[in-house]
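Residue numbers (this note's numbering): 285 to 535. Ideal Cβ placement from N, Cα and C applies to all residues, glycine included.
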């Protein structure tokens with residue numbers, strides 16, 4: 285249980301993460317690390333973080349739908365495929381030693397940092413989408429594998445989903461993000477059940493942070509976000525470096 289004075293900070297962290305995750309991805313490395321630094325065991329922090337992920341993605345889906353942007357049933361097919369992997373990944377996370385998990389998280393943070401800094405430039409030109417047939421048959425096993433990673437740690441998976449959907453399925457960036465939040469919502473709800481079943485969720489902390497996540501996701505899904513991209517990138521790089529060093533050397 286977090287101290288009451290940390291609640292406003294939890295909401296602020298939640299808002300920032302919800303905004304960043306809906307915009308692109310990588311925000312979960314901040315929330316997950318913050319929960320660990322608050323004193324939650326790594327597995328409990330991982331499970332607690334899923335509450336915010338589920339709620340923020342629910343709000344993001346609603347936000348995109350309010351703007352008439354939806355990619356169902358395509359995103360539902362991929363989300364259902366990812367569920368199977370997420371159940372496996374979540375169980376691995378529950379069974380993993382806290383110290384080992386912290387080291388893994390530190391490595392993931394560095395990988396996410398590299399994706400943020402060196403990710404290829406995405407253009408927003410209109411493209412002809414290829415969502416079904418052979419393309420969908422290839423994507424289903426791909427998202428099963430992505431689901432394993434998402435169920436295990438989730439941090440940074442937004443970048444992978446964006447790159448895959450944009451380049452392989454030739455989706456516009458707006459529709460990519462609409463698909464991403466639906467897919468993440470579906471498999472995250474399943475992985476959350478695994479953490480709940482294993483008593484790895486701090487509900488009070490998770491729900492407080494989720495209020496910020498939900499607001500950040502709603503705002504991010506409805507407004508233009510190009511203006512703040514440079515600031516967000518700089519902020520993420522600095523925070524990830526600090527947290528990765530803390531997790532690796534002081535866990």
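Counting only beta-carbon separations shorter than 8 Å, does residue i have a partner in chain D?
i: residue 490; result: Going by chain labels, chain D is absent from the structure shown, which holds only one protein chain.
Is residue i near residue j, with beta carbons less than 8 Å apart?
i: residue 337; j: residue 468; result: yes
i: residue 378; j: residue 482; result: yes
i: residue 366; j: residue 434; result: yes
i: residue 312; j: residue 341; result: no
i: residue 466; j: residue 360; result: yes
i: residue 297; j: residue 496; result: yes
i: residue 450; j: residue 414; result: no
i: residue 396; j: residue 439; result: yes
Once DSSP output is grouped into helix, strand and coil, what is the label at residue i?
i: residue 366; result: helix
i: residue 476; result: helix
i: residue 341; result: helix
i: residue 412; result: coil
i: residue 383; result: helix
i: residue 324; result: coil
i: residue 355; result: coil
i: residue 314; result: helix
i: residue 456; result: coil
i: residue 440; result: coil
i: residue 418; result: helix
i: residue 497; result: helix
i: residue 392; result: helix
To which residues of the same chain is residue i closer than 8 Å at the C-beta, ignoring the five residues directly before and after it?
i: residue 416; result: 358
i: residue 369; result: 427, 428, 429, 430, 431, 432, 433, 434, 435, 471
Among the residues of its own chain, which have a CB less than 7 Å from the CB of residue i, if the five just before and after it don't count?
i: residue 329; result: 316, 319, 320
i: residue 513; result: Interpretation of residue 513 is limited by its pLDDT of 49, a score under 50 that renders its predicted location unreliable; the figure taken from the coordinates is listed afterwards. Taken in chain order, the list of residues that qualify is empty.
Could you pull out every residue in the same chain whose Cβ sits closer than 6 Å to the Cβ of residue i, ignoring the five residues on either side in sequence?
i: residue 385; result: 326
Exposed or buried, which one is residue i when buried takes at least 16 other CB atoms within 10 Å?
i: residue 484; result: buried
i: residue 356; result: exposed
i: residue 475; result: buried
i: residue 536; result: Given a span of 285 to 535 for the chain in the structure shown, any question on residue 536 remains unanswerable.
Under 8 Å by Cβ, that's how I've got residue i and residue j pegged, so tell me the actual separation to the nearest angstrom.
i: residue 498; j: residue 339; result: 5 Å
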